[in-house]
Each structure stands twice: as C-alpha cells, then as structure tokens.
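Colleague: The structure that follows is given in the form of structure tokens.
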Amino acid sequence: MDYHIEKVASPNAEVGEGPVWHPQERKIYWTDIAGGKLFKYDPDSGANEIIHNGVSVGGHRFNESGGLVLGTWEGVWLWNSDDDYKVLKEGTIDGTDVPIRVNDATSGPDGSFYCGTDRVGWKDDVVFRLNTDGSIDIIDEGVELCNGMGFSPDELEFYSTDTIKKTIYKWDYNSTTRAISNKRVLVKYEGDGITDGMTVDSEGFIWSAIWWGSKVMRFDPDGKLEREIHFPATQTSCPMFGGDDLNELFVSTAGADFGGEPTGIEPPNYDFSAYRGGDLFKATLDIQGKTEYKTKF
C-alpha cells in the first residue's frame, strides 16, 4: 500500500520526539529532547515555533485546567511558559539516590501523568505514575530504557515499551482502582532497529516507531503485525494521530549521530551514511486515532 508522506517541519531536531495533537488549537506540540526544545507546529501556516528552550523535555501532555505537564530531565513541571511554571515532582522516586530524568510520558484516564525514566549512570529504570495528589506509584522496575506508553480505547489495557529489549508490553488496567497488573509481552520485535515511541488508535491497534528502521509498525491488540509505513529517515521516533478527523499520522524523527561513533546497538547492516532525520512527517491514512487524555493538575 502506498501512502502520501509529507515532511511538514524541518528544525534539524537532534532527538525529535513526542508529537501530541491539541484538538482545540489544531496544532502539534513536539520536542527535541537533546536540543532542549519544545515546538508548536501549525498545519495551517506551516510555522514550527519554539515555545521552550532550555531543560530537556522527554514527554508532555496538555493539562485540563490550562498549560502543559512536562516530563523533563529535572523533574515534572506544570508549565505555562519558561517564566511561569511549577515543579510538581523532582529529586528521587524509588529509594535510590538517582534523580528523575524523564525519557517519555503519557497521561492516564484519571488525569495522572505516567513517566518512563532514563537516569544518568543508571540502567535499572522505572515506569512511574504521578498522581494528581502528588503521590507516586512505581508501575514497573528493571526497565533498560522506557519509551512509548498508552491505553486501549476501552481502558482495559495499558502498554509500555522497553527500547533496549525491543519489546512492547501489555498490562491489565482497572479504571476504577487504577491498578496495573499482569505484565506480559505483546510484541518482541526481531527485525532491524528498536521499538521507540508509540500510540494507540481508535480500533485499539498499537503503532510503534522503529528507530533505525525508517518505519512505523501497526500491531493488532494480540501483537500481530497489520501493516508498516516507511519514512525517508532512519531514526523514526514517535507516531501520533492528529488533524480534524484524527486520520493524519504525525511522526517525529531524530538527526542525532552520537558524535559519529556507533552506539553498539545499531542493526548489523545499518547504513551510517543514510539520512537520519530531525524532521516532523505526516502520513494521511484511512484509520483514525483517538484523543489523548489530559492531565488534571
């Protein structure tokens, strides 16, 4: 199947990540983690505005009462601007002396904020939930690098990704008690590249970006591959649905070359001369996404 792929913004993002559609504003917010930037992309004008420049933002969601909740490399913030923000959580969370550094994030049906950590000098990372009362729940431990997370449309499943293990996990979610349990493997990716950011569409299918794979893959709720969409950049990092009909898949990419040195986990035949990315792409599809939950801080 052929898809119409457009490059819609080209800020040369080092680690472009985390696009989220704002349905009222009709804009995409996305980040450059390594570059310490938060962008706001306007599909009507084509403008890609830098609205934050400083501390790295690993993930974000819109807050119901206004502003955004940012998962940063210095903690979790309720943010209106770089001159107007409140620290919701900083420091340590799990009995270690290693401070929070958020690599990816999502919001839950109850308005809480879910974060995956990527802490300096630490390989045993966690998925944690910041509740609206400020308390913390540790959801998962022993994570090598947490990335994409999301919920099924019926709110019965929670999904998480461990990039280094190339695995997407499926959990049971109880929307009444908010309990998350019964972790099991949904997808163990065996191809070239690693599983990165993800989203869930209105049919309950999971979309996973494959870093070093130049593609986004769609899996059914049982983990069976349904389709894949290829993009002209090798470091595809995160997909998210947007547009008035939620049928436009926005995909972030990353231009980082890691100092020109191999990281040691690239695919065996990876072409180091290929274009890595740094752009935001859009694919128009015959499938609809679902609106992301807002936080309630």
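Using numbering that gives the first Met the number 0, read the sequence shown as starting at 0 and increasing by one per residue. Cβ coordinates follow ideal geometry from the N, Cα and C atoms, glycine included. No experiment lies behind these values; they were computed from the predicted model shown.
(1) What are the boundary residues of the beta strand (DSSP E) that includes M216?
(2) Between the C-alpha atoms of L248 and P231, what's the straight-line distance to the nearest angstrom?
(3) So the candidates are G242, W210, A282; which of them puts its Cα closest to the Cα of I264?
(4) Smallest Cα separation from P42: which of D243, T252, K293, G259?
(5) Within this structure, are the beta carbons of L279 and Y28 separated by less than 8 Å?
(6) Classify G259 as helix, strand or coil using the three-state DSSP reduction.
(7) Classify H59: buried if its beta carbon has 16 or more other beta carbons within 10 angstroms, exposed otherwise.
(8) Three Cβ pairs or more, each shorter than 8 Å: is that satisfied between the segment 90-107 and the segment 144-158?
(9) Is the Cβ-Cβ distance between G17 and S251 less than 8 Å?
(10) When we look at the beta-carbon of R183 and count the other beta-carbons within 10 Å, is it buried (16 or more) or exposed?
(11) Just to confirm my understanding: we take D96, look at its own chain, exclude 5 residues before and 5 after, and list those with CB closer than 8 Å. What are they?
(12) I need the straight-line Cα distance from S9 to T176, nearest angstrom please.
(13) For K6, which beta-bridge partners are listed by DSSP?
(14) Does DSSP put D244 in a helix, a strand or coil?
(15) Identify, in the order they occur along the chain, each residue of the same chain with its Cβ nearer than 7 Å to the Cβ of N47, setting aside the five sequence neighbours on each side.
(16) Count Cβ pairs between the segment 19-36 and the segment 256-272 that sit closer than 8 Å; are there 3 or more?
(17) Can you tell me which of the three DSSP states V54 falls into?
(18) Taking the straight line between their C-alpha atoms, what separation do you get for S110 and S272?
(19) Taking a contact to mean a Cβ-Cβ separation below 8 Å, would you say T294 touches F112 in this structure?
(20) Can you name the residues that DSSP bridges to M0?
(21) Who are the near neighbours of I179 in its chain, counting only those whose CB is closer than 6 Å to its CB and skipping five residues on each side?
(22) Mapping the DSSP letters down to three states, classify R118 as helix, strand or coil.
Modeller: Quick answer:
(1) That run of the beta strand (DSSP E) goes 214-218.
(2) Put simply, the backbone Cα of L248 is about 15 Å away from that of P231.
(3) When G242, W210, A282 are compared, the shortest CA-CA separation from I264 is found for W210.
(4) Selected option, being the one with the closest Cα: D243.
(5) By the CB criterion at 8 Å, L279 and Y28 fall outside the cutoff.
(6) DSSP places G259 in helix when its eight states are reduced to three.
(7) Per the 10 Å Cβ criterion, buried.
(8) Verdict: yes, contact present.
(9) It is a contact, given that the beta carbons lie within the stated cut-off.
(10) By the 10 Å Cβ count, R183 comes out exposed.
(11) If we look at D96 and ignore the five residues flanking it on each side, it has no Cβ neighbours.
(12) Annotation: S9 to T176 spans about 43 Å, alpha carbon to alpha carbon.
(13) F280.
(14) Coil, per DSSP.
(15) Exclusion of the five residues before and after N47 leaves A8, P10, F38, Y40 as the residues of its chain whose Cβ lies within less than 7 Å of its Cβ.
(16) They do not touch, by the three-pair rule.
(17) It is coil, neither helix nor strand.
(18) According to the sequence provided, residue 110 is Gly. The question's Ser does not apply to it. Between G110 and S272, the C-alpha separation is close to 43 Å.
(19) Cβ distance < 8 Å, so T294 and F112 count as in contact.
(20) For M0, which the question treats as bridged, DSSP gives no partner whatsoever.
(21) Around I179, the same chain offers I138, F157, W170, Y172 as residues with beta carbons nearer than 6 Å, after the five sequence neighbours per side are excluded.
(22) Correct three-state label for R118: coil.
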